[in-house]
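Q: Adding 1 to a residue's 1-based position in the sequence shown gives its number in the working numbering.
All C-beta atoms in this analysis are idealised placements derived from N, C-alpha and C, irrespective of residue type, glycine included.
Following this message is one structure expressed as structure tokens.
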Amino acid sequence: MFNREGVRSTLLFLWNSFFKSFLIDFVILIILNKICKAGKGRLYLFLSAAFSGVIVILPYFIPFSIPYRVVLFFDYIIIPFLVIKIAFSIKNWKEYLKTATLYWAMNFLIGGMFQFLYNRFPAVKENSYPM
Numbered sequence: 002m003f004n005r006e007g008v009r010s011t012l013l014f015l016w017n018s019f020f021k022s023f024l025i026d027f028v029i030l031i032i033l034n035k036i037c038k039a040g041k042g043r044l045y046l047f048l049s050a051a052f053s054g055v056i057v058i059l060p061y062f063i064p065f066s067i068p069y070r071v072v073l074f075f076d077y078i079i080i081p082f083l084v085i086k087i088a089f090s091i092k093n094w095k096e097y098l099k100t101a102t103l104y105w106a107m108n109f110l111i112g113g114m115f116q117f118l119y120n121r122f123p124a125v126k127e128n129s130y131p132m
């Protein structure tokens with residue numbers, strides 16, 4: 002039989018992971034849309050952020066382990082390429098490199114900000130909220 006608390010906490014963890022990734026990427030894509038002026042529209046920004054959120058929780062459903070180098074390759078090369086490809090109509094490689102660099106830089110800065118908050122304030126840490 003299933004442990005209801007275990008299933009509930011797992012679903013809460015997956016939803017939390019999806020929503021954080023979705024929200025951060027959606028905000029980054031909106032800012033990039035204003036900077037690069039190459040966006041296809043808010044629907045595509047939404048779909049691209051949702052794709053990113055699904056990709057974040059996808060490894061929890063794979064029954065085997067993935068080598069760390071493969072994960073890094075997908076995290077830093079393939080997934081950002083697909084997210085940018087879905088959200089923006091990029092015409093050449095120079096424009097893509099500009100958009101990708103801004104995307105990676107914003108992710109790095111926001112990740113650093115969240116890491117600072119995570120270490121600075123104990124109440125921000127995951128699973129510190131009552132169930």
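1) Go ahead and label aspartate 26 buried or exposed: buried means 16 or more other beta carbons lie within 10 angstroms of its beta carbon, across all protein chains shown.
2) With a floor of 3 residues, list each beta strand (DSSP E) that falls wholly inside the stretch 15 to 72, ordered by position along the chain.
3) Buried or exposed: valine 57, going by 16 or more other Cβ atoms within 10 Å of its Cβ?
4) Is there contact between the stretch 58 to 72 and the stretch 15 to 30, where contact requires at least three CB pairs shorter than 8 Å?
5) DSSP puts phenylalanine 89 in a beta bridge; with which residues?
6) Does DSSP put phenylalanine 115 in a helix, a strand or coil?
7) Secondary structure at phenylalanine 122, three-state DSSP: helix, strand or coil?
8) Between the Cα of leucine 44 and those of Gln116, Ala88, Asn93, spot the shortest distance and give me the residue it belongs to.
A: Let me spell this out:
1) Flag for aspartate 26 reads buried.
2) Secondary structure within the stretch 15 to 72: not one fully enclosed beta strand (DSSP E) run of 3 or more consecutive residues is present.
3) The residue in question, valine 57, is buried, as its Cβ has 16 or more Cβ neighbours within 10 Å.
4) Enough Cβ pairs lie closer than 8 Å, so yes.
5) Residue pairing by DSSP puts phenylalanine 89 in a beta bridge opposite Gly40.
6) Looking at phenylalanine 115 - three-state DSSP - the assignment turns out to be helix.
7) In this structure, phenylalanine 122 counts as coil in the three-state DSSP scheme.
8) Comparing Cα-Cα distances from leucine 44 to each of Gln116, Ala88, Asn93, the minimum goes to Ala88.
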